[in-house]
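Inspection log for the structure reproduced underneath, given as C-alpha cells.
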Amino acid sequence: MKKNISKHDLAVRWLIREHQYIKHQKQTGDIPEGNIVSLIEEVNLSMGSYFLAHAEDESWLGRKFICENKSGRQSWPSVLSDINLLGPFNSASLEGNHVTFSYIAPSSRRRSIFFQSLLTDPMGEVDFCFIRDFDGALPSGDKFWQVDHLSAERMAREERHFQIHTELSLKVLKTQGVIFDPACSSGDFLASLANKLPNFNYIGSDISPKMIEFARERHKERPISFSIGDAMSSRQRCDILILRFLNDEVMQIGSAALAFKHLIDLLNPGGIAFVFGHTPVLVPITDLASELGFEVIKNTASSLDKCSIFQFYMLRKHP
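According to the UniProt record's numbering, the sequence shown is numbered sequentially starting from 1.
So, in C-alpha cells, the structure goes:
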C-alpha cells in the first residue's frame, strides 16, 4: 500500500488522523480506572506516534500528538509529559492494515506516579517499538537536505534540549578528543557544543553537498571541519559520536540498524555515543548495545524543570 500512495497524500491523511485523535480524546473524557481501552490505527499513518514506556518493572502505552508552540505553530514535539501516557500496556495486534492497541485506564494519580518513576529510574526507557514491529516507518525524502537560515534556526530551537544534555553530559565526563557528527546538516548542533566546549576537535560530515556548503558558510568563524561524506562508508575515528538521524521520517528501519552498527564501531575504546532525534529513534538501542558489547549509561533525559522526558541514549564503548 505504501507504494501506491504518495508521501504528500499520506502526510495529509496523517495530519487529519492526528486532529481526529485529539478531538476524540477530548470528547471521551475520563475513563473509569481499570477499564480496557482500545484504539485502532492504520499502519501507514500512526505507528511512529505510539511508544512503550518502561520503568520500575512496568510498561505503559503512550502516544505522541500534535500540539501548538508559543507562536501558534503546530509541531510534533520530541519531548513527552504525563499527558502522553495512556495506561498500562495490554496488547497490540495487527489485522490487515490496522493495528489495535489496548491499555488499562489508570487514575490520574497512578499516571502521575508512573511518570515520576520514569523520570527517576536510571534505566527507564521510552521505546517507539511499534514502528519496528509493524514496519510503519516512511522516510520523507529530500526535504531533510534542504535548509536555509530560517529553517536552521528553527531546527536549532527544536534540538535545544538535546544540545543542553549533550553538553552537560560531556562536562560531567571530563573527556576530550574528537567529536564526530556524521549527519551534521546545518552544523548548528556542533557549533553550539563548540561554543561551550572549545577543547574538543569537531568534525561534521553530511551526504548533501548543499548542506555542507551551507554549514561551512554559516560557521566559517568556528573551528569545525565540515566535509561531504556518506555516513554508511565513513572511516572517521572519534571519541564522541553524535547520532541524531537514525529516526522515523529520515531512514528505513533496516538502513538505520546497519548505520548504527557501522558508525558505533568508529568509536575509540572508552568512547561515548549519543543517540537521539526529533522524530522517534528507529533502532532498538539497548538490544543492539548489549549485542555489540557497549555499556548503556542512560536511555532518557528530562527537561530541567522535570516536567517532560525524551529519548536520549548514551552508550560507552568498553576500554
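Where is the CB? At the ideal position from N, CA and C, for every residue including glycine.
On a predicted model such as this, the values are computed, not experimentally measured, just so you know.
Beta-carbon proximity of residue i to residue j, cut-off 8 Å
{"i": "THR300", "j": "VAL79", "result": "no"}
{"i": "LEU266", "j": "GLN236", "result": "yes"}
{"i": "ALA183", "j": "PHE245", "result": "yes"}
{"i": "ALA273", "j": "LEU243", "result": "yes"}
{"i": "HIS278", "j": "GLU159", "result": "yes"}
{"i": "ALA259", "j": "ALA231", "result": "yes"}
{"i": "HIS98", "j": "PHE310", "result": "no"}
{"i": "SER117", "j": "GLU56", "result": "yes"}
{"i": "LEU119", "j": "PHE89", "result": "no"}
{"i": "PHE134", "j": "VAL43", "result": "yes"}
{"i": "ILE224", "j": "LEU241", "result": "no"}
{"i": "LEU85", "j": "PHE65", "result": "no"}
{"i": "VAL178", "j": "ILE203", "result": "yes"}
{"i": "GLY187", "j": "HIS149", "result": "no"}
7 Å CB neighbourhood of residue i in its chain, flanking five on each side removed
{"i": "ILE131", "result": "MET47, GLY48, ALA137, ASP248, PRO280 and LEU282"}
{"i": "residue 369", "result": "Residue coverage of the chain in this structure runs from 1 to 319, which leaves residue 369 outside it and unanswerable."}
{"i": "PHE144", "result": "Low per-residue confidence applies at PHE144: pLDDT is 48, beneath 50, and the placement is therefore not dependable enough to give any value."}
{"i": "MET1", "result": "Confidence at MET1 is low in this model, with a pLDDT of 41, below 50, so its placement is unreliable and the value that follows should be read with caution. Closer than 7 Å at Cβ, skipping near neighbours: ASN44 and ASN97."}
Cβ neighbour criterion (16 or more within 10 Å) applied to residue i
{"i": "ASP239", "result": "buried"}
{"i": "GLN176", "result": "exposed"}
{"i": "GLY141", "result": "For GLY141, the predicted structure reports a pLDDT of 49, less than 50, and the residue's modelled location is therefore unreliable. The matter cannot be settled from this model."}
{"i": "GLY124", "result": "buried"}
{"i": "residue 320", "result": "Since the first residue shown for the chain is 1 and the last is 319, residue 320 is missing from the structure and cannot be characterised."}
{"i": "GLU18", "result": "buried"}
{"i": "GLY96", "result": "exposed"}
{"i": "GLY29", "result": "exposed"}
{"i": "LYS261", "result": "exposed"}
{"i": "SER233", "result": "exposed"}
{"i": "ARG109", "result": "exposed"}
{"i": "LEU94", "result": "exposed"}
{"i": "ARG111", "result": "buried"}
{"i": "ARG157", "result": "exposed"}
{"i": "VAL12", "result": "exposed"}
In DSSP terms, what residue i is bridged to
{"i": "PRO88", "result": "TRP60"}
{"i": "ALA55", "result": "GLU58"}
{"i": "ARG316", "result": "ILE272 and GLU295"}
{"i": "PHE101", "result": "LEU39 and ALA92"}
Beta-carbon proximity list for residue i, same chain, < 6 Å, skipping 5 on both sides
{"i": "ALA257", "result": "VAL283"}
{"i": "LYS91", "result": "The residue you asked about is not Lys; residue 91 is Ser in the sequence shown. These residues qualify, in order along the chain: SER102."}
{"i": "ALA53", "result": "TRP60, GLY62, LEU118 and VAL126"}
{"i": "THR166", "result": "PHE274"}
beta-carbon residue i near the ligand GTP non-hydrogen atom, thresh 7 Å
{"i": "LEU173", "result": "Summarising the ligand content, the structure contains no ligands, and the ligand GTP is consequently not present."}
Close beta carbons around residue i, own chain, < 8 Å, minus the five adjacent residues each side
{"i": "ASN35", "result": "ILE104 and ALA105"}
{"i": "LYS3", "result": "Residue confidence is low: LYS3 scores 48 on pLDDT, short of 50, so the model does not pin down where it sits. No coordinate-derived value is stated."}
{"i": "PRO269", "result": "LYS317, HIS318 and PRO319"}
In chain order, each alpha helix (DSSP H) run of at least 4 residues that lies wholly inside the UniProt domain "Methyltransferase" (179–271): DSSP runs (the alpha helix (DSSP H)) wholly in the UniProt domain "Methyltransferase" (179–271): 188–196, 209–218 and 253–264.
Runs of beta strand (DSSP E) wholly within the stretch 268–311 (minimum 3 residues, chain order): Segments of the beta strand (DSSP E) lying fully in the stretch 268–311: 294–302.
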